[in-house]
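Shown next, in structure tokens, is the structure this report addresses.
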Amino acid sequence: MHSDSPKKNPEEEKIGVYICHCGGNISDHVDVNQLAKNIETIDGVSVTHTNMFMCSDPGQELIQEDIKNGKINRVVVASCAPSLHELTFRGAIKRARMNPYLYEHANIREQVSWVHHGESATDKATSLVAAAIAKAKNLEPLDPVRVDAHNHATVIGAGMAGMRAALDVARRGIDVTLLEKSAYLGGRTAQLTRLVPTDETAENVITPLAEAVCQNPRITVLTGTEVAGFDGYVGNFKLSLRQAHPSTDGGTPGIYVPFAGYIPPVSSAADDEQILETGVIIFATGFKPYEPQENEFGYLTQPEVMTLPDFIRQTAENTTTGKTLKIQGRDIRRIAFIHCVGSRQIPGIHEPGPGANLNEYCSRTCCSAILRAAVEIRRNHPDTHVLDYYRDIRTYGRGQEAYYDRAAEHNVLFFRFEPDAPPVIERSSGKYPLKIRVKDTLTFGEELAAEVDLVVLAVGMEAQPITDLVEMMKLPTGMDGFLQEVHPKLRPVEVANNGVLLAGTCQAPFDVSEACAAAQAAAVKTATLLAKGYVELDPYVAEVDPERCTGNGLCQKVCPVTGAIQIDPAAEGRATVNPALCTGCGICVSECPDHAIDIKGWTLKQYEDMVDAIIAA
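When the letters of the sequence shown are read in order and numbered with our numbering, they come out as residues 121 to 737.
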């Protein structure tokens, strides 16, 4: 491996090393005092300190005081993962008027104390801190990458989350374009009758929000519109739009249509190949209900088996009243609900459909939806008996456990089954069309059979198929198919692509209130990004040495981000880097035979010195 030494800062390196006890998380296994002694004699180290909680205000003040007193001009913190507190320490350094990138972090919690014990833990911690010190010696002051930003956001999808995000962004003084593929606003929520746990109608929830969106002068609503092309970077995205040509089924503008949604008073669509310039993109593309496979619990092979969304629609359209529920003109004397259809699937027990993956996650809303339906049936049609077949009851939300209690009070019968012994649906020769058999764990595995008129499958949520957008924008997705956030706690609505945010069930199964909460978080993040008129990005990007570059183009070929590296004729055919697009992955560095490209803040020289320090420790 070949590398040149970076430009040396004329100022002598004075490195301060700050070692955290992490309340015992680290110090219970790493001898932090011995660690401090091990590294205090390393060349360049001028200060060493240990502290119970380095991330606390006193810990940060310790660093700041040493900077202000001129004791140090480089900082190494040995504590937990940098993903947790790297920004914390950078902020502290910046407040002390030192360049925040003259800082290196050694992870001695997750990488040491959580996996090693005794003397070996202290030895490994010494190696990691020594490596961080070696890198710190070669750190140079860096400046964030600054790019101008359009004061505009685009929200893709006009369900509850999309509308909530659009309205909250607009109320922060940012122009918004709300794109919706269909002719309606409201998304999947419009396909419900009442919501858990408030029992409000979907219309009463959707209509006020949709009206507020349509009346806001900062929001442009484009229905019947989809994204056809994508280019650019955070603050400066360009979207090509085209018409999706949906049908409104003759609905009246400004009116809510059950099981369709709200029709905007002014129906507008994008011109074909219209270009939209925007600063931030918020995905609110939603989910789709799981479609059971043929003969899964009798689906498609038994006409008396339907999904819960179908059942909700048919009962909503049923205007007849009486002690017995009627569906499609039939009296429903007994109805069976089956939980976890298409959710919590287990490899080796369940089989995915053609071209599909197993849905190993819980869809979270199904249990409450079933219990609400069961209580409503028993309350309005007392002669219709309800049987509930479940693996586990997960009414997790505030106020939702009450539905389980109400169901029991209304004499709903519960049967619990194991995942490898689900209910079996078959034709009946008796007075009812179907028979359902199950080994009931509530009666210690006794096999019970019941005849029913109708079986309803509580299907889970699946990721909305937006493969074209995922491929076009190179969006990260999880194993479950949903769009993947950077970190569930630290960056819960951001994806790895700067300027692309998530709202609602495009990310994971949520109920309506959770989807709207995520949308509000995305709106706040949008305002944070665009408030200054420019966006600051980390400077850890590729940099080309024009004296070494021969313009062979290999770096451009391997770069995973379109447009991040260009062979520029104006630069005599040498490579140039767009820092706003570069992610600092370093693939180009390993590919260049001329060693003409490096990553700021993570140079080959720094790597080499870190390896040497680990070996020598």
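Idealized CB from N, CA, C, for every residue including glycine.
- In this structure the region 259-270 touches the region 652-662; the number of beta carbon pairs closer than 8 angstroms is three or more.
- Under the DSSP assignment, V644 falls in the alpha helix (DSSP H) whose first and last residues are V632 to L650.
- Annotation: L298 to V681 spans about 27 angstroms, alpha carbon to alpha carbon.
- When DSSP reads this structure, K358 sits in a beta bridge with D351 and E397.
- Under the DSSP assignment, R536 falls in the beta strand (DSSP E) whose first and last residues are L533 to R536.
- Taken atom to atom, the span from the alpha-carbon of V347 to that of K358 is near 10 angstroms.
- The alpha-carbon separation between H365 and H505 amounts to approximately 44 angstroms.
- Residue burial annotation: A690 is exposed, with fewer than 16 other C-beta atoms found within 10 angstroms of its C-beta.
- By the neighbour-count definition (other C-beta atoms within 10 Å, threshold 16), L491 is a buried residue.
- The three-state reading of DSSP puts T485 in coil, since its state is none of H, G, I, E or B.
- Put simply, of A494, E538 and I497 the residue whose alpha carbon is nearest the alpha carbon of I466 is E538.
- The beta carbons of Q231 and L248 sit about 7 angstroms from each other, so the pair counts as a contact at 8 angstroms.
- Taking C-beta atoms as the reference points, R450 and A570 fail to come closer than 8 angstroms.
- Contact between the region 425-432 and the region 371-378 is not established, with fewer than three Cβ pairs separated by less than 8 angstroms.
- Pairing G601 with E582 gives a Cβ-Cβ distance under 8 angstroms.
- Residues R362 and Q363 of the same chain have their beta carbon placed closer than 7 angstroms to that of D392, with the five preceding and five following residues left out of the count.
- Within 10 angstroms of the beta-carbon of A616 lie fewer than 16 other beta-carbons, which makes it exposed.
- Taking a C-beta distance under 8 angstroms as the contact criterion, L610 and K645 do not qualify as a contact pair.
- Taking a 10 Å sphere around the C-beta of S463, we find 16 or more other C-beta atoms and assign the residue as buried.
- For N479, the CB contacts under 8 angstroms within the same chain, skipping 5 residues up- and downstream, are Y410, G462, S463, R464, Q465, G580, E582 and D600 in chain order.
- Cα atoms of T561 and F534: separation of roughly 11 angstroms, rounded to the nearest angstrom.
- Straight through space, the alpha carbons of R526 and S360 are spaced by roughly 51 angstroms.
- If you compare the alpha carbons of K188, S203, S199 and Q154 with that of A216, the shortest gap goes to K188.
- H237 is classed as exposed because its beta carbon has fewer than 16 other beta carbons within 10 Å across all chains shown.
- Burial of R284 is indicated by the presence of at least 16 other C-beta atoms within 10 angstroms of its C-beta.
- For F403, the pairing in a beta bridge is given by DSSP as I276 and L622.
- Just so you know, the alpha carbons of L577 and Y382 end up roughly 28 angstroms apart.
- For H205, there is no enclosing beta strand (DSSP E); the residue is found in the alpha helix (DSSP H) stretching over P202 to R215.
- For E546, the uninterrupted beta strand (DSSP E) run begins and ends at V544 to R547, by DSSP.
- Contact between R194 and I135 holds, since their C-beta atoms are separated by about 4 angstroms, short of 8 angstroms.
- The Cβ atoms of Y524 and R484 do not sit closer than 8 angstroms to each other.
- For N324, no beta strand (DSSP E) segment is defined; the enclosing uninterrupted segment is the alpha helix (DSSP H) at A322 to Q335.
- DSSP, reduced to helix, strand and coil, places R492 within a helical segment of the structure shown.
- If you draw a 10 Å sphere on the C-beta of S240, you find fewer than 16 other C-beta atoms in it, and that means exposed.
- In the three-state reduction of the DSSP assignment, Q686 falls in the strand class.
- Contact between the region 669-676 and the region 316-323 is absent, with fewer than three C-beta pairs closer than 8 angstroms.
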